[in-house]
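**Student:**
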Amino acid sequence: MPTPIHTPRINNNDDTVKLAKIFVEIGAAVRRGDPIADVETDKATFTVESSEDGFLLSVNGQVEDILAVGSVLAWIGATPDEKAPESAACEPDGASGGEPTLKALLLLREYGLRASEIPASGERLMANDVERYARSLGRTRVGDGSGTAALGPKSDWPAPEEPGRVQPFTAEERAMARTVTWHRDVAAAGYVELAYDPGAWDAYAAEFQKAHGLMMSPLLGLMTWKLAQLAAENPRINATAAAGGVLVYDHVNLGFTVQAGSQLYLVVVRDAAGMSELEFVRGLGELQRAAMKHNLKPENAAGATIAFSSMARWKIVRHQPLLPPHTALMVAHAAPMGSTAFLGAAYDHRILTGFDAARALQALAAPRAGSGK
Numbered sequence: 566m567p568t569p570i571h572t573p574r575i576n577n578n579d580d581t582v583k584l585a586k587i588f589v590e591i592g593a594a595v596r597r598g599d600p601i602a603d604v605e606t607d608k609a610t611f612t613v614e615s616s617e618d619g620f621l622l623s624v625n626g627q628v629e630d631i632l633a634v635g636s637v638l639a640w641i642g643a644t645p646d647e648k649a650p651e652s653a654a655c656e657p658d659g660a661s662g663g664e665p666t667l668k669a670l671l672l673l674r675e676y677g678l679r680a681s682e683i684p685a686s687g688e689r690l691m692a693n694d695v696e697r698y699a700r701s702l703g704r705t706r707v708g709d710g711s712g713t714a715a716l717g718p719k720s721d722w723p724a725p726e727e728p729g730r731v732q733p734f735t736a737e738e739r740a741m742a743r744t745v746t747w748h749r750d751v752a753a754a755g756y757v758e759l760a761y762d763p764g765a766w767d768a769y770a771a772e773f774q775k776a777h778g779l780m781m782s783p784l785l786g787l788m789t790w791k792l793a794q795l796a797a798e799n800p801r802i803n804a805t806a807a808a809g810g811v812l813v814y815d816h817v818n819l820g821f822t823v824q825a826g827s828q829l830y831l832v833v834v835r836d837a838a839g840m841s842e843l844e845f846v847r848g849l850g851e852l853q854r855a856a857m858k859h860n861l862k863p864e865n866a867a868g869a870t871i872a873f874s875s876m877a878r879w880k881i882v883r884h885q886p887l888l889p890p891h892t893a894l895m896v897a898h899a900a901p902m903g904s905t906a907f908l909g910a911a912y913d914h915r916i917l918t919g920f921d922a923a924r925a926l927q928a929l930a931a932p933r934a935g936s937g938k
């Protein structure tokens, strides 16, 4: 049965919000926590996220429409062809129970709960209702055991000393906050670094570019493709920790960082290990261009199983990346210093040792002999 996502109340005195942006196409796959839409009032903007994994069946409104607080904003289904119930965007869904306050809605996300399962103490679902119900289940705000960490500040964080205004996260900032929080609270993060001679890679990329008539240097695409091959050959680096052991992924989804203006994206080439070098280089290029236009599809911005980051374009010679959620290895590429360059790797020490990460960097430091033919 489809699951409704309700229009949140942003300000206590506003009974309506404007639908400002829709992030997902109808029928597209979504994961719990993925941004669905932005709604706004004169005072603030709020990103509405999916409450579960599934497919977006419908959005009850168009951009610039005015929606009633508590109305059904969207429907999530188990399959893309499931039929969404008919709902009026202007009328609240009375069957959904007490409408959550904004603080309660944020707590629901942090605890991984749904408003419909929690009894409300009054006409609206309050933060205290969520806290009480979560305690009865033994839930904590740090995570639910699946490696999904809370976005909100911990209770022991010191409050800011100076006054200011809270500006809600954008969808991109929220994704970054998730990554930082997962790296901080879930992964046992380590870091190793390797000095190498980049000359072999530069020569190989120049030869590949000439042979295939490419406009831009394929260097980063080629290095990233080799990382995907290494992940297929050494599944332990293409894994994550799960209840009871190590979850080794069945395929390699290669994440690659793209800076688009002020936004940082992790684009994901799915099933990367099954591609040829040329297919991968072209596919990654298409995703980079889509990211620059802020036009990525949900499936190409989630689900990375291993990742690669480069700051060479800004002449950064060393940097330490953060692990994306549910990955065990992220490679850091940087600009050379004369004839020497550095490759780094952030790794999850629950799964990999420093030796495992170092061995991956050693294998990545030179092109594969005979490839690209």
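In this note's numbering, the protein residues as written are 566 to 938.
Glycine residues also receive a C-beta, built at the ideal position from the N, C-alpha and C atoms.
Because the structure is a prediction, the values reported are computed rather than measured.
#1: In whole angstroms, what is the alpha-carbon distance linking residue 557 and residue 849?
#2: Here's the rule I'm using: 16 or more other beta-carbon atoms within 10 Å means buried, otherwise exposed. How should residue 729 be labelled?
#3: Go to residue 836, then tell me how far its beta strand (DSSP E) extends in each direction, as first and last residue.
#4: Span of the alpha helix (DSSP H) holding residue 764?
#5: Does the contact criterion of 3 or more C-beta pairs under 8 Å hold for the stretch 757–766 versus the stretch 834–851?
#6: With distances taken between CB atoms, is the gap from residue 690 to residue 680 smaller than 8 Å?
#7: Going by alpha carbons, who is nearest to residue 593 out of 786, 867 and 831?
#8: Check the Cβ-Cβ distances between residue 931 and every residue of chain B, and say whether any is below 8 Å.
#9: So, at 7 Å on beta carbons, what are the nonlocal neighbours of residue 597 in its own chain, with the 5 sequence-adjacent residues on each side left out?
#10: I'd like the ranges of any beta strand (DSSP E) spanning at least 3 consecutive residues and lying wholly in the stretch 806–834.
#11: What residues in its chain sit with their C-beta under 7 Å from that of residue 923, if we drop five residues either side in the sequence?
#12: Within its chain, find whatever has a CB closer than 6 Å to the CB of residue 752; leave out the 5 residues flanking it on each side and keep chain order.
#13: Can you check whether the CB of residue 820 is closer than 8 Å to the CB of residue 812?
#14: Could you have a look at residue 603 and say whether DSSP puts it in helix, strand or coil?
#15: For residue 916, collect the residues of the same chain with a Cβ closer than 8 Å to its Cβ; drop the 5 residues on either side in sequence, then sort them by chain order.
#16: Per DSSP, residue 756 forms a beta bridge with which residues?
#17: Assess contact between the stretch 737–744 and the stretch 823–830, defined as three or more Cβ pairs (one per stretch) separated by less than 8 Å. Is contact present?
#18: So the candidates are 696, 600 and 799; which of them puts its Cα closest to the Cα of residue 684?
#19: Whole alpha helix (DSSP H) runs in the stretch 838–898 with 4 or more residues, listed along the chain?
#20: Is residue 714 helix, strand or coil when you go by DSSP?
#21: Count the other CB atoms within 10 Å of the CB of residue 631; is the residue buried (16 or more) or exposed (fewer)?
#22: Can you pull the DSSP bridge partners for residue 569?
#23: With a threshold of 7 Å on Cβ separation, who are the neighbours of residue 928 within its own chain once the five nearest residues in sequence on each side are excluded?
#24: For residue 788, which of helix, strand or coil comes out of DSSP?
#25: Which of the three DSSP states is assigned to residue 610 in this structure?
#26: Under three-state DSSP, which class holds residue 919?
#27: DSSP has residue 620 in a bridge; who is on the other side?
#28: Tell whether a beta-carbon distance below 8 Å holds between residue 625 and residue 639.
#29: Please state whether the Cβ-Cβ distance between residue 890 and residue 897 is less than 8 Å.
#30: Tell me which residues share the same chain as residue 605 and place their Cβ nearer than 8 Å to its Cβ, disregarding the 5 neighbours each side in the sequence.
#31: What residues match up with residue 582 in a beta bridge as DSSP calls it?
#32: Do you know how far the Cα of residue 789 is from the Cα of residue 799?
#33: Among the candidates 907, 903 and 817, whose CA atom is the shortest distance from the CA of residue 871?
#34: As a quick exercise: from 676, 877, 925 and 932, pick the residue whose alpha carbon is nearest that of residue 772.
#35: Under the rule that 16 or more other beta-carbon atoms within 10 Å means buried, what is residue 628, buried or exposed?
#36: Going straight from the alpha carbon of residue 930 to that of residue 779, what length do you get?
**Tutor:** In short, the structure shows the following:
#1: Look at the range of the chain in this structure, 566 to 938, and you will see that residue 557 is not part of it.
#2: exposed
#3: It is not in any beta strand (DSSP E) - residue 836 carries neither H nor E in the DSSP assignment.
#4: 764–777
#5: no
#6: yes
#7: 867
#8: Here chain B cannot be found, since the structure has a single protein chain.
#9: 615, 616, 617 and 618
#10: 810–813, 819–825 and 828–834
#11: 757 and 759
#12: 888 and 913
#13: no
#14: strand
#15: 801, 804, 805, 806, 811 and 893
#16: 911
#17: yes
#18: 696
#19: 842–857
#20: Residue confidence for residue 714 is low, a pLDDT of 40 falling below 50, so the modelled location carries little weight and cannot support an answer.
#21: exposed
#22: 640
#23: 795
#24: helix
#25: strand
#26: helix
#27: 594 and 642
#28: yes
#29: no
#30: 575, 582, 583, 585 and 611
#31: 632
#32: 15 Å
#33: 817
#34: 932
#35: exposed
#36: 23 Å
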